[in-house]
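Okay, structure first, notes after.
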DNA sequence: TCCATAATTCGACATTCTTTGAAATATGGA
DNA sequence: TCCATATTTCAAAGAATGTCGAATTATGGA
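Protein chains in written order, with our numbering: chain W, 926 to 1047; chain L, 926 to 1047.
In structure tokens, the structure reads:
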């Protein structure tokens, strides 16, 4: 099951750290070596974890010269969140309402470059 | 880490099924025996899984006579979703926007009994 | 008190996961 | 071609996880 694969891929400290690092790195992503250096992981250990995250669809890697650059898939995490909300929490306003508010907050929906000037009309 | 505990608690088919069943059962929850019967699990196997879900704070059990009734914690799943959105996806509108929309949809925020007549003002 | 029901705890076993060292593959440059 | 860099693959060891039978605790009723 896809949800199980994604949940278990994230349910490990090292992989969760990798994923969060990549989300923070944005669409450009990071090379495997950079990730390893940033998190203090052995290259082969990291490689195994990158493979698991990739297979779960949470990240994707593309070769660039002699390095492979990995980037987080925003679609996959969005789908996972939607799964948790719809399939697991359908019909429970006390779950959805705070989530909706958080999603609407600037902290979440207005990245550094975005225009937040007037409470973002669109 | 709490997020890791919750993710790994849900990252197992049996436990995910238990959790979804309990979410569907609502605040009244279900007795351990009912859950075992509904999912076809051995009572001792289920007990181990209930313990893991409980320790992660995803469910809570209260004794009623000779049975123990378990109910899902809507707060815990809400917090997990918020964690995935804020800590993992901060500043990515393409993640938050669809989530916000889903949260706003009646399918999610208007349970059977709720009044959906006029787009629920409060 | 004695028994039946509901659920948990314990111990063992098989399976899966994680990490690590060593070797292999892929790429770019001299 | 030869070498250095970047990353992966392989095989093995150790840790963690999931399941099952048997025994145990807790509760209510005869």
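Quick reminder that beta carbons are idealized off the backbone N, C-alpha and C, glycines included.
Every value quoted in this text rests on a predicted model; they were computed, and no experiment measured them.
Under the Cβ criterion (8 Å, minimum of three pairs), the stretch 1003 to 1010 of chain L does not count as touching the stretch 977 to 996 of chain W. Shown in chain order are the members of the stretch 1016 to 1030 of chain L whose Cβ falls below 8 Å from a Cβ of chain W: 1016, 1017, 1018, 1019, 1020, 1021, 1022, 1023, 1024, 1025, 1027, 1028 and 1029. Take the alpha-carbon of residue 985 of chain L and the one of residue 938 of chain L: they are about 19 Å apart. Residue environment: residue 927 of chain W is assigned as exposed (fewer than 16 neighbouring CB atoms within 10 Å of its CB, all protein chains considered). The beta-bridge partner set that DSSP reports for residue 965 of chain W is empty. Residue 1002 of chain W places its beta carbon 8 Å or farther from that of residue 943 of chain L. What residue 999 of chain W touches in chain L, judged by beta-carbon distance under 8 Å, is 1014, 1017, 1019 and 1020, going in chain order. Between residue 941 of chain W and residue 1006 of chain L, the C-beta gap is not smaller than 8 Å, which leaves the two residues out of contact. Distance from the CA of residue 951 of chain W to the CA of residue 1017 of chain L, rounded to the nearest whole angstrom, comes to 9 Å. What residue 1006 of chain L touches in chain W, judged by beta-carbon distance under 7 Å, is 1006, 1009, 1010 and 1024, going in chain order. Within the stretch 999 to 1027 of chain W, the alpha helix (DSSP H) runs of at least 4 residues that lie entirely inside it are, in chain order, 999 to 1014. In this structure, DSSP gives residue 985 of chain W an extended state, which the three-state scheme calls strand. In this structure, L/975 is the residue among L/975, L/1004, L/981 and L/1027 with its C-alpha nearest to the C-alpha of residue 954 of chain L. Residue 1025 of chain L sits buried, since 16 or more C-beta atoms from the chains shown fall within 10 Å of its C-beta.
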